[in-house]
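Asker: Per our numbering, the very first residue in the sequence shown carries number 1; after that it's consecutive.
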Amino acid sequence: MSEPLRVLMITGEYPPMQGGVADYTSLLAHEMTAQGAQVQVLSSVRAMGNPSTQVVSLARVPRWDAAGLYSQLERALAETRAQVVSIQYQTGAYDMRPAINLAPRIFRKVPFVVTFHDLREPYLFPKAGRVRRWVTHHLARSARAAIVTNPADYRQLQADSRVSRLELITIPSNIAVVDDPALTDEMRRRWALDEFDFVLGYFGLVNASKGVDDIISALALLRNEGLRVGLLLIGGGTGANDPTNAQTLQAVRQQIDRLGLTQAVCWTGFLTPEEVSAAMRCAHCGVFPFRDGVSLRRASMMAAMSHRLPVVSTTSPEPSDVIKDGENVLLVPPGRPAAIAKALVRLYDDHTLRDKLGEGGWQLTNQFRWPETARRTLEVLHGALES
């Protein structure tokens, strides 16, 4: 019987820290463990993990500069005897610091595989544009393999001939569907959702890129037309790694007050995954007007689709072979509340369209499952050892 693959995962955020990368890393680590790998996670001192699980959380990194990261990484490699390191890369999760980008070059004795959750460039110093791009691509080039989560990022790194191996592995929904009518009914009572004829659902952090302010503006337009529409903001916190989120949240709250929508907007606060699933079942549709356009890397939207919610999102400059306007989503231009409101009126009026989009979205997300994501990731990690 072969020895289990020893994997050290590095992530800037991990439960109980809030964020999509935290959820992704936790779910992936547990599924990889179920498939026979031995996984330990090196993360921030703010991350504790779940002590009842088989995945060991090493919550040790005080900060993500070289002094904070490298000594803890060296210690973790010695303790875990990791055969391969898996970096879960999202620039903001590492405080926009480049130390993580240089780690594969500094720790050459162990192969690195990097999963890019985005390709944002770290802040270095003013007017450092070319250097910032180099730092991001350097991480992909110095790793044995790079994994991206959406076709747009795949095309960007594919153009770099110095990236050794590149794989596209889409992020599945981070919220399992829970069929619990009693819990759903309790959620509806908790937020008095029966007062509305139509409930809009938004799931995720309040970030400037998510377009929550556009949802609020669209809601005001709908209610000004006399429609009894409410908004359920599921989660809706600020997360752990982007300090501008708090400013965005404050601006959204002020916008709600200014437009007289306090009674029409329900904030759930933090919920367990089971409660998130029940809350999604309370909504008639999901609204995700991302400023940079719809993308398969948006696990929050994928979660809504997995619950058969018809989704309104925004057009992307990058073409998609699987996200299809009118079949599994309704797309509107980014930053256009009036267009969002118009799309929502279509869903409000057309039950058949809601069913069609809900089924189409479910079929889309059903292609992506955690066991397959873990299997393919482990395949890449094993390949890194052999290359």
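Glycine included, C-beta positions come from ideal geometry on N, C-alpha and C. None of these values were measured; they are calculated from a predicted model.
Express the C-alpha separation of V329 and Q363 in angstroms, rounding to a whole number.
Answerer: To locate residue 363, count along the sequence shown from 1; it is residue 363. To locate residue 329, count along the sequence shown from 1; it is residue 329. Those two C-alpha atoms are separated by around 12 Å.
Asker: Are three or more beta carbon pairs between the region 61 to 68 and the region 91 to 100 nearer than 8 Å?
Answerer: With a cut-off of 8 Å, the region 91 to 100 and the region 61 to 68 count as touching, because enough Cβ pairs lie within range.
Asker: When you compare the region 308 to 326 with the region 353 to 372, are there three or more beta-carbon pairs, one atom per stretch, that lie closer than 8 Å?
Answerer: Output reads yes: the region 353 to 372 touches the region 308 to 326.
Asker: To which residues does DSSP link W267 through a beta bridge?
Answerer: Taking the first residue of the sequence shown as position 1, residue 267 is located at position 267. Note: W267 sits in a beta bridge opposite L233.
Asker: Just the Cα atoms here: how many angstroms apart are L168 and Q367?
Answerer: Here residue 168 refers to the residue found at position 168 of the sequence shown. Here residue 367 refers to the residue found at position 367 of the sequence shown. Distance between the alpha carbons of L168 and Q367 is about 14 Å.
Asker: From P15 to V55, what does the alpha carbon distance come to, in whole angstroms?
Answerer: The sequence position of residue 15 within the sequence shown is 15, counting from 1. The sequence position of residue 55 within the sequence shown is 55, counting from 1. Whole-angstrom Cα-Cα distance: 12 Å.
Asker: In chain order, what residues of the same chain have a beta carbon less than 6 Å from the beta carbon of L231, not counting five sequence neighbours either side?
Answerer: Residue mapping note: residue 231 aligns to position 231 of the sequence shown, counting from 1. The residues are L200, L219, V265.
Asker: Return the CA-CA distance between Y123 and V135, expressed in angstroms with no decimal places.
Answerer: Here residue 123 corresponds to residue number 123 of the sequence shown, with the count starting at 1. Here residue 135 corresponds to residue number 135 of the sequence shown, with the count starting at 1. Low confidence applies here, because Y123 scores a pLDDT of 48, under 50, leaving its location unreliable; read the following figure in that light. For Y123 and V135, the distance between alpha carbons rounds to 10 Å.
Asker: I need the DSSP call for D257, collapsed to helix, strand or coil.
Answerer: Position 257 of the sequence shown, counted from the first residue, corresponds to residue 257. Helix, per DSSP.
Asker: Check whether the Cβ atoms of R165 and R144 lie closer than 8 Å to each other.
Answerer: In the sequence shown, counting from the first residue as 1, residue 165 sits at position 165. In the sequence shown, counting from the first residue as 1, residue 144 sits at position 144. The answer is yes: Cβ separation under 8 Å.
Asker: Report yes if the CB atom of T268 is closer than 8 Å to the CB atom of A279, and no otherwise.
Answerer: Here residue 268 corresponds to residue number 268 of the sequence shown, with the count starting at 1. Here residue 279 corresponds to residue number 279 of the sequence shown, with the count starting at 1. For T268 and A279, yes; Cβs fall inside 8 Å.
Asker: Tell me the rounded alpha-carbon separation between R105 and H138.
Answerer: As a position in the sequence shown, residue 105 is number 105, starting the count at 1. As a position in the sequence shown, residue 138 is number 138, starting the count at 1. Spanning the two alpha carbons is a distance of roughly 9 Å.
Asker: At 3 residues or longer, what runs of the beta strand (DSSP E) sit wholly inside the region 295 to 355?
Answerer: Runs of the beta strand (DSSP E) inside the region 295 to 355: 311 to 314, 330 to 332.
Asker: Could you give the first and the last residue of the continuous beta strand (DSSP E) run that contains I171?
Answerer: By one-based count along the sequence shown, residue 171 stands at place 171. No beta strand (DSSP E) holds I171; DSSP gives it neither H nor E.
Asker: Under the three-state reduction of DSSP, which class applies to G20: helix, strand or coil?
Answerer: Working through the sequence shown from its first residue, we reach residue 20 at position 20. Looking at G20 - three-state DSSP - the assignment turns out to be helix.
Asker: Whole angstroms are fine: how far does the CA of I10 sit from the CA of Q90?
Answerer: By one-based count along the sequence shown, residue 90 stands at place 90. By one-based count along the sequence shown, residue 10 stands at place 10. Approximately 11 Å, taken between the alpha carbons.
Asker: Please report the distance separating the alpha-carbon of M389 from that of I171.
Answerer: The structure shown has nothing for residue 389, since the chain only spans 1 to 387.
Asker: Is N245 buried or exposed, if buried means 16 or more other CB atoms sit within 10 Å of its CB?
Answerer: For this step, residue 245 is matched to residue 245 along the sequence shown. Classification for N245: buried.
Asker: What does the alpha-carbon distance come out to for the pair V276 and R298?
Answerer: Within the sequence shown, the letter at position 276 stands for residue 276. Within the sequence shown, the letter at position 298 stands for residue 298. About 16 Å.
Asker: How should V113 be labelled, buried or exposed, when 16 other C-beta atoms within 10 angstroms of its C-beta is the threshold for buried?
Answerer: Here residue 113 is taken as the residue at index 113 of the sequence shown, counted from 1. It is buried - the Cβ of V113 has at least 16 other Cβ atoms within 10 Å.
Asker: Inspect the beta-carbon positions of A341 and L193 and report whether they are closer than 8 Å.
Answerer: Indexing the sequence shown from 1 puts residue 341 at position 341. Indexing the sequence shown from 1 puts residue 193 at position 193. Cβ distance not < 8 Å, so A341 and L193 don't count as in contact.
Asker: Could you check what DSSP says for S2 in three-state terms: helix, strand or coil?
Answerer: The count along the sequence shown starts at 1 and reaches residue 2 at position 2. Reduced to three states, the DSSP call for S2 is coil.
Asker: Return the chain-ordered list of same chain residues with a C-beta closer than 8 Å to the C-beta of T262, the five sequence neighbours on each side being excluded.
Answerer: The residue you call residue 262 lines up with position 262 of the sequence shown. Answer for T262: I256, listed in chain order.
Asker: Can you name, in chain order, every residue of its own chain whose Cβ lies under 7 Å from the Cβ of V61, other than the five neighbours on each side?
Answerer: Locating residue 61 in the sequence shown gives position 61, counting from the first residue. Here the set comprises L42, S43, S44, V45, G68, L69, Q72.
Asker: Since G12 sits in a beta bridge, which residues does DSSP pair it with?
Answerer: Within the sequence shown, residue 12 is the residue found at index 12, counting from 1. Its beta-bridge partners do not exist; DSSP assigns none.
Asker: When the Cα atoms are used, what is the spatial distance from T365 to D118?
Answerer: Taking the sequence shown and counting its residues from 1, the one referred to as residue 365 is at position 365. Taking the sequence shown and counting its residues from 1, the one referred to as residue 118 is at position 118. Roughly 20 Å between the two C-alpha positions.
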